[in-house]
Amino acid sequence: MQLNKIPQIKHADSGNFFMLAGPCAIEGEDMALRIAETVLEITDKLQIPYIFKGSFKKANRSRIDSFTGIGDEKALKILRKVSESFEIPTVTDIHEREDAVMAAEYVDVLQIPAFLVRQTDLVVAAAETGKVVNLKKGQFMSPESMKHAVTKVTDCNNEQVMVTDRGTMFGYQDMIVDFRGIPTMRQFAPTVLDVTHSLQQPNQSSGVTGGRPDMIETIARAGIATGADGIFIETHFDPANAKSDGANMLDIQYLERLLRNLTAIRKTINSF
Numbered sequence: 102m103q104l105n106k107i108p109q110i111k112h113a114d115s116g117n118f119f120m121l122a123g124p125c126a127i128e129g130e131d132m133a134l135r136i137a138e139t140v141l142e143i144t145d146k147l148q149i150p151y152i153f154k155g156s157f158k159k160a161n162r163s164r165i166d167s168f169t170g171i172g173d174e175k176a177l178k179i180l181r182k183v184s185e186s187f188e189i190p191t192v193t194d195i196h197e198r199e200d201a202v203m204a205a206e207y208v209d210v211l212q213i214p215a216f217l218v219r220q221t222d223l224v225v226a227a228a229e230t231g232k233v234v235n236l237k238k239g240q241f242m243s244p245e246s247m248k249h250a251v252t253k254v255t256d257c258n259n260e261q262v263m264v265t266d267r268g269t270m271f272g273y274q275d276m277i278v279d280f281r282g283i284p285t286m287r288q289f290a291p292t293v294l295d296v297t298h299s300l301q302q303p304n305q306s307s308g309v310t311g312g313r314p315d316m317i318e319t320i321a322r323a324g325i326a327t328g329a330d331g332i333f334i335e336t337h338f339d340p341a342n343a344k345s346d347g348a349n350m351l352d353i354q355y356l357e358r359l360l361r362n363l364t365a366i367r368k369t370i371n372s373f
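Under the working numbering, the residues of the sequence shown are numbered 102 to 373, in order.
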């Protein structure tokens, strides 16, 4: 993948890591625009290439009464408005083959959820749109096996593909990051570390996923130190009341300090 080929990407030649960040799900237009504006202001100061992230729907919910979205077209139109308002690229995840063409009309990057990354038809449908494809490593997969997922994209004559580690299942209710996977997967494609999802505590008896947001900076620092090309962070003004994944999201008030620290680590790594 060539970062500078992503439409409207800023600071692609800064030498810094790139970032996918935003709310877990699009809850409304105002919240999406506020988050995008805040993150963009920070990333511009630090020269971090930034892609706004927001799910237009959430298909992978533990309970049937969990929030799944505000409506597909409504959410996708908000993603387009974010892109047009701030001149930044956007990413959203897709769950079915039919989602690929629909979402490609509105966003720049199509993301394959970790639990669906072995679904060949879905991966191929995303690749055939010509959009950048972000493949999230399955919680049940080895880093080495992601080579085959990447090949599914490139065999469709689409070289714009990246891989994202989001942790590996550790027992039934926890995740762990094996940082050996970052240099392994970088052999196949630019590699992102999904910091916040790596700190999930899934399969809770309540049916609501838990998390360890107190460990966000620890995991993020280690990811940059081990060579991650990018980081993925879900952030919100009020994580406690977010409609999806609030338990592991970063309160946006702490984002600038975190990114300043990560940028300093990146500069040190670049000096070696």
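For each residue, glycine too, the CB sits at the ideal point set by N, CA and C. No experiment lies behind these values; they were computed from the predicted model shown.
Smallest Cα separation from residue i: which of the options?
{"i": "residue 336", "options": "324, 360, 280, 278", "result": "360"}
{"i": "residue 149", "options": "365, 372, 373", "result": "365"}
{"i": "residue 208", "options": "182, 218, 225", "result": "182"}
{"i": "residue 241", "options": "260, 261, 276", "result": "276"}
{"i": "residue 112", "options": "127, 131, 143", "result": "143"}
{"i": "residue 297", "options": "258, 315, 288", "result": "315"}
{"i": "residue 321", "options": "288, 354, 285, 280", "result": "280"}
{"i": "residue 200", "options": "141, 355, 328, 226", "result": "226"}
{"i": "residue 159", "options": "194, 147, 136, 137", "result": "194"}
{"i": "residue 140", "options": "333, 368, 370", "result": "333"}
{"i": "residue 188", "options": "357, 137, 264, 329", "result": "137"}
{"i": "residue 302", "options": "323, 286, 269", "result": "269"}
{"i": "residue 367", "options": "107, 102, 104, 115", "result": "115"}
{"i": "residue 342", "options": "103, 122, 126", "result": "126"}
{"i": "residue 229", "options": "323, 202, 206, 247", "result": "202"}
{"i": "residue 179", "options": "165, 197, 156", "result": "156"}
{"i": "residue 285", "options": "245, 222, 221", "result": "245"}
{"i": "residue 370", "options": "105, 174, 329", "result": "329"}
{"i": "residue 196", "options": "346, 222, 357, 363", "result": "222"}
{"i": "residue 124", "options": "170, 108, 107, 105", "result": "170"}
{"i": "residue 251", "options": "338, 161, 219, 176", "result": "219"}
{"i": "residue 374", "options": "326, 327, 356", "result": "Because the chain is modelled from 102 through 373, residue 374 falls outside the range shown and cannot be assessed."}
{"i": "residue 317", "options": "282, 372, 287, 353", "result": "353"}
{"i": "residue 108", "options": "205, 131, 271", "result": "205"}
{"i": "residue 186", "options": "213, 175, 119, 135", "result": "135"}
For residue i, count neighbouring C-beta atoms within 10 Å of its own C-beta (all shown protein chains included) and say buried if the count is 16 or more, exposed if not.
{"i": "residue 348", "result": "buried"}
{"i": "residue 261", "result": "buried"}
{"i": "residue 154", "result": "buried"}
{"i": "residue 128", "result": "buried"}
{"i": "residue 103", "result": "exposed"}
{"i": "residue 184", "result": "buried"}
{"i": "residue 324", "result": "buried"}
{"i": "residue 151", "result": "buried"}
{"i": "residue 191", "result": "buried"}
{"i": "residue 172", "result": "exposed"}
{"i": "residue 145", "result": "exposed"}
{"i": "residue 235", "result": "buried"}
{"i": "residue 346", "result": "buried"}
{"i": "residue 282", "result": "buried"}
{"i": "residue 105", "result": "exposed"}
{"i": "residue 165", "result": "exposed"}
Assuming the contact rule is C-beta atoms closer than 8 Å, residue i and residue j should be a hit. Round their C-beta distance to whole Å, please.
{"i": "residue 331", "j": "residue 291", "result": "7 Å"}
{"i": "residue 278", "j": "residue 266", "result": "7 Å"}
{"i": "residue 216", "j": "residue 344", "result": "Going by Cβ atoms, the distance from residue 216 to residue 344 rounds to 20 Å, so no, they are not a contact pair."}
{"i": "residue 294", "j": "residue 312", "result": "The pair is not a contact, with the Cβ atoms about 16 Å apart (cut-off 8 Å)."}
{"i": "residue 289", "j": "residue 248", "result": "5 Å"}
{"i": "residue 210", "j": "residue 233", "result": "4 Å"}
{"i": "residue 118", "j": "residue 363", "result": "7 Å"}
Going by DSSP, what residue range makes up the alpha helix (DSSP H) through residue i?
{"i": "residue 264", "result": "First-last for residue 264: 262-266, but that is the beta strand (DSSP E), not the alpha helix (DSSP H)."}
{"i": "residue 132", "result": "130-147"}
{"i": "residue 368", "result": "356-371"}
{"i": "residue 175", "result": "173-187"}
{"i": "residue 218", "result": "No alpha helix (DSSP H) holds residue 218; DSSP gives it neither H nor E."}
{"i": "residue 200", "result": "198-205"}
{"i": "residue 249", "result": "247-255"}
Could you spell out where the beta strand (DSSP E) holding residue i opens and where it closes?
{"i": "residue 153", "result": "151-154"}
{"i": "residue 194", "result": "191-194"}
{"i": "residue 211", "result": "210-213"}
{"i": "residue 120", "result": "119-123"}
{"i": "residue 223", "result": "Looking at the DSSP string, residue 223 is not in any beta strand (DSSP E); the run it does join, the alpha helix (DSSP H), is 221-229."}
{"i": "residue 233", "result": "233-237"}
Problem - Start-end ranges of the alpha helix (DSSP H) lying completely within the segment 277-332, minimum 4 residues - result: Listed in chain order, they are 282-287, 317-326.
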